[in-house]
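As structure tokens, the structure follows; a few thoughts come after it.
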Amino acid sequence: MLNKKTVDDINVKGKRVLVRCDFNVPLIDGKITDENRLVAALPTIKKLINDGGKVILCSHLGKPKGEAKKDLSLAPVAARLSELLGQEVVFAADDNVVGEHAKEAVANMKDGDVVLLENTRFRPEETKNEDAFSKDLASLCDIFVNDAFGTAHRAHCSNVGVTKFVDTAVVGYLMEKEIAFLGNAVNDPKRPFVAILGGAKVSSKISVIENLLDKVDTLIIGGGMMFTFIKAMGGQIGKSLLEEDYLDYALKMIDKAKEKNVNLLLPVDVVIADDFSNDANRQTVKADAIPDGWMGLDIGPETEKIFADAVKDAKTVVWNGPMGTFEMPNFASGTKAVAKALANTDATTIIGGGDSAAAVNQLGFGDKMTHISTGGGASLEFLEGKELPGVAAANNK
Ligand code: AMP
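For the sequence shown, the working numbering puts the final residue at 383, and the numbers step up evenly by one.
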């Protein structure tokens, strides 16, 4: 259970409420191409509007590296949010985020009004969590709400620093929901509990593998990281992705799985290519018999079946990371097969943000999943068993 105060524990009537959202959405030529994060933020925003708060929204977008960059302005988000909320969202277009526009807009707010500040990462202090910007943000509000799960694993001014200068700091509904789903899955799962890990590197998921081996009944490993495991077991992996420094670690994890009675599933066949390109020559071979000069870029059809079977009778499934280089259509089959298997199981299915969330949504399976996390990095750190600074900074119940 979350021991943090939430928007249900405060009275916002007539108060200025600064809400840290995650509006870090993909933009192409100023158009939002995936608005899931905006939609996910609506319940908290609507609640605060209905309760008569003066709702001041803020977020980062992309990596402007402490400078005002026009193509990373949140102006398109203000326009789309106005439509989604059915009321004007006033955009405070200050390059320094808390400038004349923001101050004036906030001073003119009536209860239930909404203002959106400019991209918090236009300020160089933001990612360094330096007080100057935290104080500026705090000067605009009486209450702070953090609803940005996607940035909860970072300690920045707009989600952590600001709480030093505001008496009341709580979490929003999205944060509460993310923590409830991920927390329940990991700490109190209905069994069998299956975790599926993919993506490029073992090194970026070491702690996740280690932590999950203490919790799951079955651990499935696909994606680029599988080859370090296959090589560690004596397989031939050609020029597939390999992290030599992690061969011992892979063996340790294989031992740990045995010790913990975890069913560790690795691919039995893979789709290989003679070049890292969608148009490369392709063939399907045994996962531990990849010829020299070839690299594995996807799991093979037999593996797709084994993985799909493993989730069929599961009660809880957590998935993070693609099964292959799914950005290349010729190597997307394994990732699609896993998405489909999750869509077809009765288990509670939790997608850990990032590439897997994008894949599930692109394939049209989004509404078949129990929960799609809005945070890739944050959900991974959660699966590692770490405390997220953005959550820790909120007031305790
Ligand atoms: P991550 O951010 O660690 O989840 O990695 C995602 C990336 O892993 C995607 O861009 C995939 O293209 C890449 N990936 C998945 N499988 C492979 C593979 N077999 N070889 C190289 N890259 C891969």
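Note that CB positions come from ideal geometry on N, CA and C, so glycine has one too.
No experiment lies behind these values; they were computed from the predicted model shown.
Checklist entry - What's the C-alpha gap between Gly307 and Ala186? => result 8 Å
Item to check | Alpha carbon of Ala344 to alpha carbon of Lys238, nearest angstrom | outcome: 32 Å
Next on the checklist: Using a Cβ-Cβ cutoff of less than 6 Å, which residues in the same chain neighbour Lys383 once the five nearest sequence positions on both sides are dropped?
Outcome noted: Asn(-11), Lys(-9)
Next on the checklist: Let me confirm a value: Phe262 is counted as buried when at least 16 other C-beta atoms fall within 10 Å, else exposed. Which label applies?
Outcome noted: exposed
Checklist entry - Going by DSSP, which residues form a beta bridge with Ala155? => result Phe130
Checklist entry - Can you tell which of Glu196, Lys217, Ala61 has its C-alpha closest to the C-alpha of Lys242? => result Glu196
Checklist entry - Looking only at C-alpha atoms, which of Leu283, Ala273, Leu252, Pro253 sits nearest to Asn267? => result Leu283
Next on the checklist: Using a Cβ-Cβ cutoff of less than 7 Å, which residues in the same chain neighbour Arg66 once the five nearest sequence positions on both sides are dropped?
Outcome noted: Ile18, Glu21, Leu24
Checklist entry - Near Gly39, which residues of its chain fall below 6 Å by C-beta distance, leaving aside the five closest residues on each side in sequence? => result Val(-2), Lys1, Val3
Checklist entry - Where does Ala138 land, buried or exposed, given buried means 16+ other C-beta within 10 angstroms? => result buried
Checklist entry - Just how far apart, CA to CA, sit Phe213 and Ile223? => result 6 Å
Item to check | For Ala91 and Val76, believed in contact at Cβ under 8 Å, the rounded distance | outcome: 5 Å
Checklist entry - Which of the three DSSP states, helix, strand or coil, is assigned to Met281? => result strand
Item to check | Bounding residues of the alpha helix (DSSP H) (the contiguous stretch that carries Thr289) | outcome: 287 to 298
Checklist entry - Touching or not, the segment 289 to 303 and the segment 326 to 336, by the rule of three or more beta carbon pairs under 8 Å? => result yes
Checklist entry - Does any heavy atom of the ligand AMP sit closer than 7 Å to the C-beta of Gly338? => result no
Checklist entry - Roughly how many angstroms lie between the CA atoms of Phe9 and Gln348, to the nearest whole one? => result 19 Å
Item to check | Contact set for Asn316: own chain, Cβ-Cβ below 6 Å, skip 5 residues either direction | outcome: Asn264
Checklist entry - Skipping 5 residues on each side, what residues in its chain have a beta carbon closer than 7 Å to that of Gln269? => result Ile258
Checklist entry - Got a sec: does the ligand AMP put a non-hydrogen atom nearer than 7 Å to the Cβ of Phe312? => result yes
Checklist entry - Is it true that the segment 134 to 154 meets the segment 175 to 194, where meeting means three or more beta-carbon pairs spaced less than 8 Å apart? => result no
Next on the checklist: Only counting the same chain, and skipping five residues up and downstream in sequence, which positions put a Cβ closer than 8 Å to that of Asp(-5)?
Outcome noted: Val156, Lys383
Next on the checklist: Between the alpha carbons of Asn170 and Phe179, how many angstroms are there, rounded?
Outcome noted: 11 Å
Item to check | N- and C-terminal bounds of the alpha helix (DSSP H) containing Leu366 | outcome: 362 to 369
Item to check | Simplified DSSP assignment, three categories, for Ala259 | outcome: strand
Item to check | Any non-hydrogen atom of the ligand AMP closer than 7 Å to Ser190 Cβ | outcome: yes
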